[in-house]
Every structure is written in structure tokens, then in C-alpha cells.
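Presented below is the structure to which this report refers.
Residue numbers (our numbering): 52 to 206.
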């Protein structure tokens, strides 16, 4: 009798634990390496294959590093450029249901590496529910958009 009660108790406890796990939303974390995997254009036929390497590294202290092998005029650089800065989570009501989080990046070095229509030192990036990082800062002024993935190419 005691054995049956113990088995029943264990099954009941397992049921509560498994139900509790189903209720959690997936974690969308900006921390880590995000590698450029795609370039988007306003004209779908102009979407291009990535012919240079670029990545963001987000640290848990609120800082980031952006590294690119593309120069200001689109040329490939032998030695990648780097920029450092700080990022913050923006509390905005998303109009796009695919966006999980929005971050503001403020460049402190190499500010010309910031993708910005206004030529300022900030970028806004988005993490989607399919765990991609989008930088569409130049998209607003008919420029390209960039898509990054944690599983993308590495330097």
C-alpha cells in the first residue's frame, strides 16, 4: 500500500513540474556573439549575399563590441574595424508581433560604424521571437537592413 502511494505521489509531482515548465515563455537573451547572416533591401531581388563578416558581441555589463570587415565605402578591410559602446533595453510597446526586445546601442568609439540615417552615434536593434537580431537603422532612409544570428558565421 505504501509503495502504491509513493508511486502515485511521484507521478503527481512530475505532472506539476512538467506543467510548470510549459507555462514559461522562451528566454530571448541579447548576450553573446551575433554574426551577420543576411542583408535585406527594399527591393526583394536586391537582397544580397553577405560578402563580408560583421558581428556584435553583447556583454552582461551593458557594453557591446561591433566588428566589421567592411570599410566606409564598402571595401573589404584586411584588418576588421571595431567599435565599443553601451546598450540598453528599451521599454516600448512593439507594433510588430514578431519583435521580442528592442535595444538602443550608443557608440563610444568609431561612431562612424553606427548604422544611422542621422549620422549620429546610435543604432536600434531588435530581437525577434525566432531568435534573430535585426538592425534596420538604415532601412528608414532606403538603405540596407542587416540580420544577425547566434548560429551564423564566425570570424
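All C-beta atoms, glycine included, are put in the ideal place defined by N, C-alpha and C.
Can you give me the Cβ contacts of residue 157 inside the same chain, cut-off strictly under 7 Å, excluding the 5 residues immediately before and after it? Translated into the one-based positions of the chain shown, residue 157 becomes position 106. Contacts found: 136, 137, 172, 173.
Discussion item. Using C-beta distances below 7 Å, list every residue in its chain close to residue 164, excluding the 5 sequence neighbours before and after it, in chain order.
Written reply: Position 113 of the chain shown, counted from the start, is the residue given in the question as residue 164. Within the same chain, and ignoring the five residues on either side of residue 164 in sequence, the residues whose Cβ sits closer than 7 Å to its Cβ are 117, 119, 132, 134, 158.
**Q.** C-alpha distance - residue 87 paired with residue 140, whole-angstrom precision
**A.** Along the chain shown, read from residue 1 onward, the residue named residue 87 stands at position 36. Along the chain shown, read from residue 1 onward, the residue named residue 140 stands at position 89. When rounded, the separation of the alpha-carbon atoms in residue 87 and residue 140 is 21 Å.
Mind checking whether residue 188 and residue 176 have CB atoms under 9 Å apart? Position 137 of the chain shown, counted from the start, is the residue given in the question as residue 188. Position 125 of the chain shown, counted from the start, is the residue given in the question as residue 176. Yes. Within cutoff.
Which class does residue 163 belong to by DSSP, given the choice of helix, strand or coil? For this step, residue 163 is matched to residue 112 along the chain shown. In the three-state reduction of the DSSP assignment, residue 163 falls in the helix class, which pools H, G and I.
| Rounded C-beta distance between residue 81 and residue 150? I'm assuming under 8 Å. | As a first step, residue 81 is located in the chain shown; it is residue number 30 there, counting from the start. As a first step, residue 150 is located in the chain shown; it is residue number 99 there, counting from the start. Going by Cβ atoms, the distance from residue 81 to residue 150 rounds to 13 Å, so no, they are not a contact pair.
Cβ neighbour criterion (16 or more within 10 Å) applied to residue 142: Locating residue 142 in the chain shown gives position 91, counting from the first residue. Exposed: under 16 other Cβ atoms inside 10 Å.
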